[in-house]
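**Q**
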C-alpha cells in the first residue's frame with residue numbers, strides 16, 4: 898500500500914500519463930490498470946475515512 902494519499906495520487910497520475918503517451922504491450926497495460934484500480938480504491942478509502950473523522954469533529 899502507498900505511504901499516503903498524496904503518494905497514491907502521484908503514482909496514479911504517473912500511470913495515467915504513461916497510458917496516454919507510451920504505446921505499451923497489452924500485459925503491461927493490464928498491470929498498470931490493475932495498479933491504478935488499487936490506488937483509486939486506496940484513495941477513496943482515505944477520503945472516506947477523513948470524511949468520517951471530520952463528521953465526528955462536527956458532532957463533538
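Residue numbers (this note's numbering): 898 to 957.
Using N, Cα and C, we set each Cβ at its ideal position, and we do this for glycine too.
1. How should residue 936 be labelled, buried or exposed, when 16 other C-beta atoms within 10 angstroms of its C-beta is the threshold for buried?
2. From residue 955 to residue 929, what does the alpha carbon distance come to, in whole angstroms?
3. Assuming residue 909 and residue 933 form a contact by the criterion Cβ under 8 Å, report the distance between their Cβ atoms to the nearest whole angstrom.
4. Would you mind reading off the limits of the alpha helix (DSSP H) that contains residue 952?
**A** Concretely, from the data shown:
1. Counting from one through the chain shown, the residue named residue 936 turns up at place 39. Burial call: buried.
2. Position 58 of the chain shown, counted from the first residue, corresponds to residue 955. Position 32 of the chain shown, counted from the first residue, corresponds to residue 929. Roughly 39 Å between the two C-alpha positions.
3. Within the chain shown, numbered from 1, the residue matching residue 909 stands at position 12. Within the chain shown, numbered from 1, the residue matching residue 933 stands at position 36. Yes, they are in contact, since the Cβ atoms of residue 909 and residue 933 sit about 6 Å apart, within 8 Å.
4. Counting from 1 along the chain shown, the entry for residue 952 is found at position 55. Per DSSP, residue 952 belongs to the alpha helix (DSSP H) from 923 to 956.
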